[in-house]
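Residue 14 in numbering that gives the first Met the number 0 sits at position 15 of the sequence shown, and the numbers go up by one each step. From the three backbone atoms N, C-alpha and C, an ideal C-beta is built for every residue, glycine too. Contents: one structure, followed by commentary.
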Amino acid sequence: MVRKHPDVISKGATVNMSDVEEDPIVMIQRKWYLYLMALCCFIVPTLVPMWAWDESLWYAWHMTVAKYALSLNGTWSVNSAAHIWGVKPFD
């Protein structure tokens, strides 16, 4: 939506990220991000109610998707509230 200023791009290229790139945990997370996100966000929250409370796959899946949608809307609502009622440095 907004392009980065050329100074931001040039200065960002000079930031030393070697310590982060050498961290094996960070690299595992970066390599397997999509699989980990799917596992932690959708698969495990669907399987837990099926295993713990004998819930059907249909209800467990739809409640997982509803939880995800509600958490996204809550996050976006905080951002919207900050824009509506937050400090405005502009007129």
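Legend entry - Residue span of the alpha helix (DSSP H) that contains M62, given as start and end: Residue mapping note: residue 62 aligns to position 63 of the sequence shown, counting from 1. Note, M62: alpha helix (DSSP H), L56 to W84.
Inset, instruction - Would you check if the region 13-27 and the region 45-60 touch, i.e. whether three or more CB-CB distances between them fall below 8 angstroms? - result: With the cut-off at 8 angstroms, the region 45-60 and the region 13-27 do not touch.
Legend entry - Helix, strand or coil at R29 according to DSSP, with G and I counted as helix: Translated into the one-based positions of the sequence shown, residue 29 becomes position 30. Of the three classes helix, strand and coil, the one that applies to R29 here is helix, per DSSP.
Legend entry - Buried or exposed (CB count within 10 angstroms, at least 16 for buried), T63: Reading the sequence shown from its first residue, position 64 is the one you call residue 63. So T63 ends up on the buried side.
Legend entry - Simplified DSSP assignment, three categories, for A12: As a first step, residue 12 is located in the sequence shown; it is residue number 13 there, counting from the start. A12 falls in the coil class under three-state DSSP.
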